[in-house]
Amino acid sequence: MKTWFHSWRAAIRIARRDAWRAKGRSALVLAMIALPILGVSAFDLTYRSSELSPAEKMDRSIGAADARFLDAQSGGTPIYQTPAGDNYAQVKDFGDGVWPTGRTDLGRAVPAGATVLTDSTGSARLTTRHGLLQAEVRELKAGDPVARGIMTLLEGRYPEKSDEVMATSHFLETSGLTVGSTVSARNFDRPYRIVGAYELPDELTALQVNALPAAFLAPYAKAMEKSGLPAPESSTSYLVKHRGGFTWNTVQRINTQGIVVMSRAVVLDPPADSEVPLYKKEGWGNYQTSAAAGAAELAAVGTVVGLAMLEICLLAGPAFAVGARRSRRQLGLVGANGGARSHIRAIVLSGGLVIGVAAALVGTVLALILTLVLEPYLEEMMGQRFGAFDIRPLELLGIALLAVLTGLLSAVVPAVTASRQTVLASLTGRRGVRRSSRVLPLIGLGALLLGGAIALYGSVVSDEFIIVAGGSAIAELGVVAMTPALVGLFGRLGRWLPLAPRLALRDAVRNRGRTAPAVAAVLAAIAGTVAVSTYGASRDAQSRAEYEAMLPHGAVSAVVMEEGGRDVPAVREAVERNLPVDVRADIARVQVGKPGCPPWGGGPGCGRYELVIPKANECPLHVMIPGGGDASEKYTPEQRRKLLTEDWRCEPNDNGGNLPVEGGLLVGDAKVLKVLGIHDAGAEKALAEGKIIAFHRPLIDGNGTLGIKVVTDTVAADKAAENGLPAPGEIRPVPAHLVPGAPKSYGLQALMTPATARAAGLTTVPFGSYFSTDRMPDEEQRQKLDAELAKLGGSADVHVETGFTDETSIVLLSLTVFAGLVTIGAAAIATGLAQADAEADLKTLAAVGAPPRVRRTLSGFQCGVVATMGVVLGSAAGILPAMGLRLTEEREQVRYYEEALAEGWSVDITPPYVPIVIPWQTLTVLLVAVPLGAALLAALVTRSRGAVARRAVT
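The numbering used here numbers the first residue of the sequence shown as 13 and each following residue consecutively.
Structure follows, in structure tokens:
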């Protein structure tokens, strides 16, 4: 034991001295190991600090109360809920019947002697220094001890009077107001003075104003109704403080009244899953605590950690080999003085141990410092305050041990190689010749075939993409194991190369022990980059093909759906003032009921309308059956398929775009057609003649008219729909014209002029405008427009059709840069080792008259050869997994498409398009620019003249 201890202590001292002498190489390896440790440790600290404890969550959610009562909107019918109260479901499954809805009286569940605070939320368009701002209004007595912890007061005080409010700091920053300013709402003449600023710890970006209970929402709703507009919706919950709290049994008893309970006692001490009735319902389950979730998370973490350690070992291993090769005389002296091979292995392994421990310390300390310094910025970025700065020593120790283990593993192969050198070879600088292992390539070939078979099974037979990913990972590891043999195959290309690259290639092939790890490191990084790039480019091509333009390229739409289009004139002027408008086409919408009703109806005094499809034009698969039922069930799958693909009545009502109005019906003139790019003289003539033009054939009956049903009793209409009956209402027939050729109308299904609407007895309200532009609006113009519209309170919905936008380009660029850095680093390490090995050859070249630049040229080609081999192999290995994943997705989409046709679903009948696109631009950069850059960089940093050889004088 004593001998073992002293030998390792000596080995560690020698390794520490060598690491200090070779500062550059040691710093490189330390950085490679410490950077991942820094990232993982910082992530662990950030995640644990932002992950609130159950007690902290309760403090921010319910303050000092024992529970929060929330209305499940189930009409008082019993419910099941999760222990945390974040999800619930009605006890009874009503299937296709009518599901109970409606509010529940929360007060009836409050126990006697309890303290109750009401917490109500709604929204309003509040006045600001710049105009109007849509914000949340919360009525809660925030200064009450029961509410302590929900809001953090930053400045001023809590509201004490009915005309006082306080606002979140983000609201004050956005609105330009300060503590002491006054604020009101649109259509509301009552001013409120801001007496304080606060923040919500869980939502730092909240635009919220706090008032006392009944001080704002109720009078604001009355003012809105007085203006002829619908009152904004609001919700109320109860904060309840009761001696003894609320146990799980109490919570379940309250659930029978249709009330959700967020109980502090239950969250802090949750019941077992077997005691939660909700988890026993079909389709429900607590996946987060299941064994499957734990296994999946462990597998994912293990895979990422394993691959990261493999990449670091492949990169750092050659660096330790460089150190061992440069220290071979020292190691030879150890052997000459009686040192065993185990001592030599211990010295080299100690180098990995010293660097690993140093990397662990540096990475962990930097992670602690950076997390503490960046905590305020991280909180702002994440939008929530952290809890306590949570340091988990065992987790940080485990991460640090990974650094030590990575350092040791990186030094294993160099240590074994160094210990096999004879004392004479080490002292004289000679290198023995060792044949490459024949077993490792065979193992790699087996892994490649096995992984390929698994990936093929996943893409052709199974629907699980994880099988494809797992098989691809195994195959890639097999290619890594085959790297020494593949490097040997590259040597056959040397006969066609000039002198310098031929010498570099010959040197790389003859010294596969140092070439193969570097090539494998490049291979792994490039393979991942190419796989992600290929998959991203393929998804990008699919998204481009599936992209559905909302308007013609460069066109603009601006619509206002609130308050009966009150802001439409101001929005039109703002668009024309800031954008290069060519043609403006004003549009309106049909309104049933009060002017302020929403486009789809709903609310007191509000109705709706429907575009009627005549009986003869209804698709047989979708006709309504009295009493309910599915009309498609009486057809066979083949009949459904035929109806969907061949019967014009079942054609999907989809011609691009999306209009937020019932049935896609707009009121406008021929300018609308011009802006939308619809050139049809017959349609323009029909509009002038007082007809409604339609773009969907089933809408027009045999008499050439289109029926618009006006529904004033929405409650009766909903009940009729539940029973499979048409909604009661008056049908207004309008002469119609079908636009031939099915042009792309961007969601517009029918268009009539204001005069036609008046003749049909229909009321209209302003809706917005379409605009064609002289040129594509630039970013500056759009920002100015957004700023001007923000003064109106964000009521306008503006869309500029810019066409498909590639969102993956920045990701692909980042991956390419990352792969290039890894490639250059690995190639540089291999080049340094090659220079250490080839010093004698370089001196021989200098002795026979080779110019000094040969040393620099040879170094560049050595680096370029390693980079090229790794890039070529990695590119080939990376394309296959991406292809497998795409084939799996294609099978899933084709299966859904076939199922949709067989079941008679009304979907797009176009077969799925799942292309496989090779990212040639990325591959070109990787195959040409990266190796060339690595070669030039190595040539530039290499000295033209080597050190003068010295001989000992005896």
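Glycine included, C-beta positions come from ideal geometry on N, C-alpha and C.
Small disclaimer: the values here were computed from a predicted structure and weren't measured.
Using three-state DSSP, classify residue i as helix, strand or coil.
i, result
"K253", "strand"
"R589", "helix"
"I930", "coil"
"G605", "strand"
"H182", "helix"
"K292", "helix"
"A308", "Residue confidence for A308 is low, a pLDDT of 47 falling below 50, so the modelled location carries little weight; the figure read from the coordinates is stated next. DSSP places A308 in helix when its eight states are reduced to three."
"E151", "strand"
"Y908", "helix"
"R404", "coil"
"D83", "strand"
"V860", "coil"
"L623", "strand"
"C662", "helix"
"N222", "strand"
"S494", "The question names Ser, yet the displayed sequence has Met at residue 494. Residue state, collapsed to three classes: coil."
"V707", "The sequence given here places Phe at residue 707; Val does not occur at that position. Coil, per DSSP."
"R120", "helix"
"A126", "coil"
"A485", "helix"
"M636", "coil"
Taking 7 angstroms as the limit between beta carbons, can you name the residues of its chain near residue i, skipping five residues before and five after?
i, result
"A516", "L870, F873, Q874 and V877"
"E792", "none"
"A379", "L50, S53, A54 and L57"
"A9", "Given a span of 13 to 966 for the chain in the structure shown, any question on residue 9 remains unanswerable."
"A1", "Not covered by the structure: residue 1. The range shown for the chain is 13 to 966."
"M764", "V679, I704 and V746"
Alpha carbon to alpha carbon, how far is residue i from residue j?
i, j, result
"A54", "A586", "47 angstroms"
"H691", "S249", "55 angstroms"
"V403", "E63", "Rather than Val, the amino acid found at residue 403 in this sequence is Ile. So the alpha carbons of these two residues sit roughly 12 angstroms apart."
"T139", "L118", "33 angstroms"
"P513", "E560", "52 angstroms"
"W260", "P282", "8 angstroms"
"W20", "S362", "8 angstroms"
"V122", "T262", "11 angstroms"
"A467", "G736", "48 angstroms"
"F401", "S65", "12 angstroms"
"Y59", "G399", "10 angstroms"
"R353", "L365", "18 angstroms"
"P5", "A682", "Outside the displayed span of the chain (13 to 966) sits residue 5, for which this structure offers no information."
"A154", "E237", "28 angstroms"
Leaving out the 5 sequence neighbours to the left and right, which residues in its chain are closer than 6 angstroms to residue i when beta-carbon positions are compared?
i, result
"V673", "R601 and P611"
"N629", "R661 and P710"
"K803", "H142 and G143"
"A947", "G872, C875 and G876"
Identify which residue in the options has its Cα closest to the Cα of residue i.
i, options, result
"V272", "P747, A400 and A79", "A79"
"L137", "G363, E575 and I91", "According to the sequence provided, residue 137 is Arg. The question's Leu does not apply to it. When each option's Cα is compared against that of R137, the closest is E575."
"A459", "G483, L468 and Y469", "G483"
"V572", "D809, E904 and V499", "D809"
"V128", "I26, V252 and V531", "V252"
"V687", "G617, I712, M562 and E742", "M562"
"L452", "M494, A243, I479 and A400", "M494"
"I455", "S422, V492 and L699", "V492"
"V684", "F783, A951 and A223", "F783"
"P632", "R620, Y621, P626 and L655", "L655"
"L505", "T880, R903 and L935", "T880"
"Y909", "T116, T657 and E237", "T657"
"A371", "G577, L414 and V860", "L414"
"G87", "P740, W111 and Q433", "W111"
"S422", "L406, I367 and L699", "I367"
Any beta-carbon of chain B closer than 8 angstroms to the one on residue i?
i, result
"D105", "Checking the listed chains, one finds no chain B in this structure; it contains a single protein chain."
Who are the Cβ neighbours of residue i in its own chain at under 8 angstroms, not counting the five residues just before and after it?
i, result
"C618", "P242, V604, G605, K606, C609, P610 and T726"
"T190", "L184 and I206"
Check: Which ranges does the beta strand (DSSP E) cover as unbroken runs of at least 3 residues, wholly within the region 544–601, from first to last along the chain?
Finding: 568–572
Margin query: In chain order, what are the residue ranges of uninterrupted alpha helix (DSSP H) at least 4 long that sit wholly in the region 37–108?
Written below: 66–74
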